[in-house]
Amino acid sequence: MSTRWRTIASAAIALVFAGPLLFMVLASLRRPGMAPPDGFELLPPDPTLDTYDFVFLFIPLWRQLANSTIVSLVAVPVTVVVASWAGFAIATSDQARRTKLVAVTVVAMMVPLTALWVPRFVIFRWLGLTDTLVALMMPALMATTPFYVLIFALAHYRVPKHLYEAAQLDGWSPFQIWHRVASPLVKPATFAVAVLAFVSYWSNLVDPLLYLNDTDLYTVPLGLRALQTLEPQNFPLLLAAAVMATLPAVAAFLAAQRAFFDKTLEVSP
Amino acid sequence: MKGSDRLAFPFLGGLGLLIALPALAAAALAFTEYSGLGAPRFVGIDNFERLIGDSGFREALGNSGLYVLMSVPLRVAAMVGCALLLHRRARGSGAARAAVYMPTVVPDAAYALLWLWLLNPLYGPVAGIAAALGADTPSLLTDPWGARLAIVMMGVFQIGEGFVIALAARRSLPGALYDSASVDGASGWFVTRKVTLPMMAPVILLLAARDVVLALQTSFVPALFLTDGGPRRATTYLSLFAYRQAFRYFKLGYASAIAVSMFVITALAIYAQYRVAKRYRLLG
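Chains as they are written, first to last, in my numbering: chain A, 354 to 622; chain B, 558 to 841.
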């Protein structure tokens with residue numbers, strides 16, 4: 354395909370995927386209390402950010418933002434360490450162990466999480482974790498998703514083998530080699546996984562829906578759910594809240610996307 | 558490296574605690590009656606007998622099956638198609654790659670609210686564009702098939718993870734292959750069909766198998782926000798059905814039996830795909 358066609362295809366794809374998100378922002382700019390538009394309109398007449406203030410009258414968004422932040426602050430670092438260790442183990446083990454570890458990781462990716470909702474709820478209740486934010490951080494113990502382990506495995510695999518061998522000759526332990534040799538060399542992968550993990554905890558609706566009753570512990574996605582039940586037809590209000598919930602995730606992703614696409618995914622160095 | 562596999566222990570422990578243990582607990586609880594209060598009471602295979610006779614379960618199973626049949630081919634085609642178009646470093650391709658990933662980054666709840674707005678029949682953008690084109694105002698969400706279609710469409714935009722896996726797979730193909738093809742004067746489409754897609758077949762199959770599993774999950778939030786399982790229960794998927802049994806009616810034993818059925822269905826679906834792949838020699 355010629356370069357020109359590729360450029361046109363890129364532009365078309367970008368428009369299709371990013372286009373709908375634009376409507377979220379545009380429709381949130383309607384003045385609160387104004388009657389809904391009479392038919393389709395792209396931008397409301399004299400656009401304003403006033404509706405954003407109104408969101409705080411309906412739900413305690415500050416508190417929910419704080420709860421979401423607390424969950425991410427704990428879960429993201431734990432995820433990164435667990436995933437990086439496991440990825441390093443996959444990349445540096447001997448053939449037989451590597452095959453086993455990859456098999457376990459891929460099988461874990463195939464487990465339907467929906468089937469685990471009820472038994473996890475029961476186990477968390479026995480452990481006294483329901484109605485605590487800890488329940489929302491728990492997936493960090495399994496690197497949140499095996500996908501992150503595979504990203505790290507790929508990154509650690511690309512570190513030149515002779516660096517590991519030299520460190521081994523110096524008598525360093527695997528942990529020391531991970532810490533001092535491998536980690537500094539896989540920084541882009543670390544950054545990418547940290548951001549993806551942040552986005553996943555920030556966005557998670559299902560876990561808080563299952564494990565939290567106490568409204569003081571609600572995270573931002575549950576706040577959106579509550580707002581929808583309070584004001585199901587008030588689209589400017591719902592979309593203003595949606596924009597505020599989305600901004601941190603999109604900002605983090607945009608900051609990391611170069612590290613993610615350009616460095617992490619390169620298979621040959 | 559000797560002993561480096563020990564660094565995988567926390568991850569393996571996490572899998573044990575959060576996947577293996579709950580899976581065993583589901584298998585055990587499926588044979589009990591349990592409301593969350595008191596102790597579970599053993600009832601033998603009652604739950605499974607009830608499950609087979611439950612028309613609500615059969616309906617949810619059918620809805621999830623339809624969702625998989627409609628959504629997985631579209632999503633995998635979108636993942637691979639976008640990866641093949643955007644894998645090169647070219648002007649605008651970096652921005653396009655970020656744009657493809659963007660809807661995946663938007664919190665599901667916010668994304669569902671956006672679609673509720675887009676599809677709203679009175680003044681939503683989709684109705685507006687349809688009206689401008691002279692088409693009937695679609696009332697997608699009040700029609701059973703329209704609602705199913707709408708939820709499938711939403712999912713086609715959230716393909717970020719599969720897209721990057723396809724992208725990595727495409728970039729890992731040796732460039733020499735393509736040099737010799739271009740020397741032979743093969744057309745782009747011919748090379749895609751005869752070289753690229755067969756070489757990527759194992760990854761595409763992995764994506765499809767994973768997407769069948771994900772389908773149980775990705776359909777949950779849209780069904781909760783957009784349709785509440787309706788109209789006429791057309792979008793009550795297995796996940797929503799199990800969620801209601803467990804967290805609205807507190808039938809945790811019965812919901813565990815549904816969870817066990819999800820494991821069985823997923824395993825069967827993956828096995829079926831594996832057999833098809835073997836039969837057509839797609840696994841190399």
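All residues carry an ideal CB built from backbone N, CA and C; glycine is no exception.
A contact is defined here as three or more CB-CB pairs under 8 Å, and the stretch 488-498 of chain A meets this definition with respect to the stretch 574-583 of chain B. Inclusion of Thr823 of chain B and Pro465 of chain A in the CB contact set at 8 Å is warranted, their separation being smaller than that value. With respect to the 8 Å criterion, Leu577 of chain A and Ala666 of chain B are classified as neighbours on the basis of their beta carbons. Distance from Ala726 of chain B to Gln830 of chain B at the Cβ level is roughly 17 Å; contact not present, criterion being Cβ atoms closer than 8 Å.
A direct Cα-to-Cα measurement between Arg615 of chain B and Leu608 of chain B gives close to 8 Å. Between Thr568 of chain A and chain B, the shortest Cβ-Cβ separation is not below 8 Å.
Around the beta carbon of Asp741 of chain B, fewer than 16 other beta carbons sit within 10 angstroms, so the residue counts as exposed.
At a cut-off of 8 Å, the C-beta of Ala655 of chain B has a neighbouring C-beta in chain A. Apart from the 5 residues on each side of it in sequence, Pro788 of chain B sits with its Cβ closer than 8 Å to the Cβ of Leu698, Thr699, Asp700, Pro701 and Ala704 in its chain, given in chain order.
When the five nearest sequence neighbours on each side are left out, the beta carbons in the same chain lying within less than 8 Å of the beta carbon of Arg416 of chain A are those of Asp569 and Tyr571, in order along the chain. Those residues of the stretch 606-617 of chain A placed with their C-beta closer than 9 Å to a C-beta in chain B are Phe606, Leu607, Gln610, Arg611, Phe613, Phe614, Asp615 and Thr617, ordered along the chain.
With respect to Pro664 of chain B, Trp525 of chain A sits apart: the two C-beta atoms are not nearer than 8 Å.
Close to chain B, meaning a Cβ-Cβ distance shorter than 7 Å, are the following residues of the stretch 487-517 of chain A: Met491, Pro492, Leu494, Met495, Ala496, Phe500, Val502 and Tyr517. Where Thr432 of chain A is concerned, the enclosing alpha helix (DSSP H) starts and stops at Leu414 to Thr445. When DSSP states are grouped into helix, strand and coil, Glu584 of chain A belongs to the coil group.
Taking C-alpha positions only, Leu414 of chain A is separated from Met597 of chain A by approximately 9 Å. A buried status is given to Pro499 of chain A, since no fewer than 16 other beta-carbon atoms sit within 10 Å of its beta-carbon.
Across the structure, Leu565 of chain A and Leu673 of chain B are spaced so that their CA atoms are roughly 25 Å apart. If only uninterrupted alpha helix (DSSP H) runs of at least 4 residues are considered, those enclosed by the stretch 660-698 of chain B are 665-675 and 682-689. Trp438 of chain A belongs to the set of residues whose beta carbon lies under 8 Å from a beta carbon in chain B. Taking CB atoms only, Gln521 of chain A has a neighbour in chain B less than 8 Å away.
Burial is judged here by how many other beta carbons sit within 10 angstroms of a residue's own beta carbon; Ser739 of chain B has fewer than 16 and is exposed. According to the DSSP secondary-structure assignment, Thr589 of chain B is paired through a beta bridge with B:Phe599. Classified as buried, His644 of chain B has 16 or more neighbouring CB atoms from the shown chains inside 10 Å of its CB. Flagged as an interface residue toward chain B: Ala380 of chain A, by a C-beta distance shorter than 8 Å. Between Leu764 of chain B and Leu781 of chain B a beta carbon distance of about 26 Å is seen, past the 8 Å cut, so the two are scored as non-contacting.
When rounded, the separation of the alpha-carbon atoms in Thr404 of chain A and Ala595 of chain A is 12 Å. One Cα belongs to Leu586 of chain B, the other to Ala814 of chain B, and the distance between them is close to 8 Å. Around the CB of Ser628 of chain B, 16 or more other CB atoms lie within 10 Å, so the residue is classed as buried. Taking C-beta atoms as the reference points, Phe714 of chain B and Met636 of chain B fail to come closer than 8 Å.
Each of A:Phe409, A:Ser425 and A:Val408 was checked against the Cα of Ala488 of chain A, and the nearest Cα belongs to A:Ser425. Here Gln521 of chain A carries a helix assignment [DSSP, helix/strand/coil]. With a threshold of 16 other beta carbon atoms within 10 Å, Tyr591 of chain B meets it and is buried. Within a 10 Å sphere around the beta-carbon of Ala439 of chain A sit 16 or more other beta-carbons, which makes this residue buried. Burial state of Trp358 of chain A is exposed, judged by a 10 Å Cβ sphere holding fewer than 16 other Cβ atoms.
Interface flag for Gln774 of chain B against chain A is set, since a Cβ pair is found closer than 8 Å.
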